[in-house]
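According to this note's numbering, the sequence shown is numbered sequentially starting from 69. Everything below concerns the one structure shown next.
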Amino acid sequence: MSTLPLSEVKARLSEIADEVGRTHERVHITRNGREYVVLMAAEDLESIEATLELLAEPDAQDRIRSAESDVVRGDVLDEADMRALLVERGESQPE
69 MSTLPLSEVK ARLSEIADEV GRTHERVHIT RNGREYVVLM AAEDLESIEA TLELLAEPDA
129 QDRIRSAESD VVRGDVLDEA DMRALLVERG ESQPE
């Protein structure tokens, strides 16, 4: 993550946008010495928005805590069992 003044971003926007898209590093842009906006890859914004949407579901935190407890107890599927489950659900093709 870097911080650049708006004047520099204006002069180098194409170059900076290419770098942000390639590296997925955000660029904080200042105006008159104060943080103003952030430039980030569209893919990263979409990911953040999708995550926020999932976390906004009423039972999301409970499901996350339950899954974490399952992992601690070792109540997880190995790769072969997970593949079989996905095939059973029709969400994957058998290998």
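Backbone N, C-alpha and C define an ideal beta-carbon position, used for all residues, glycine too.
Checklist entry - Applying the criterion that 16 or more other CB atoms from any shown protein chain within 10 Å of the CB defines a buried residue, is Val95 buried or exposed? => result Translated into positions along the sequence shown, residue 95 becomes position 27. Buried, by the Cβ-count rule.
Item to check | Leu74 versus Val88 - alpha carbon distance | outcome: The sequence position of residue 74 within the sequence shown is 6, counting from 1. The sequence position of residue 88 within the sequence shown is 20, counting from 1. Cα to Cα, Leu74 sits roughly 15 Å from Val88.
Checklist entry - Arg151 and Ser137: beta carbons closer than 9 Å? => result To locate residue 151, count along the sequence shown from 1; it is residue 83. To locate residue 137, count along the sequence shown from 1; it is residue 69. Contact flag unset, no.
Item to check | Test item: CB-CB of Leu107 and Ile97 under 9 Å | outcome: Within the sequence shown, numbered from 1, the residue matching residue 107 stands at position 39. Within the sequence shown, numbered from 1, the residue matching residue 97 stands at position 29. Yes, the Cβ-Cβ distance between Leu107 and Ile97 is below 9 Å.
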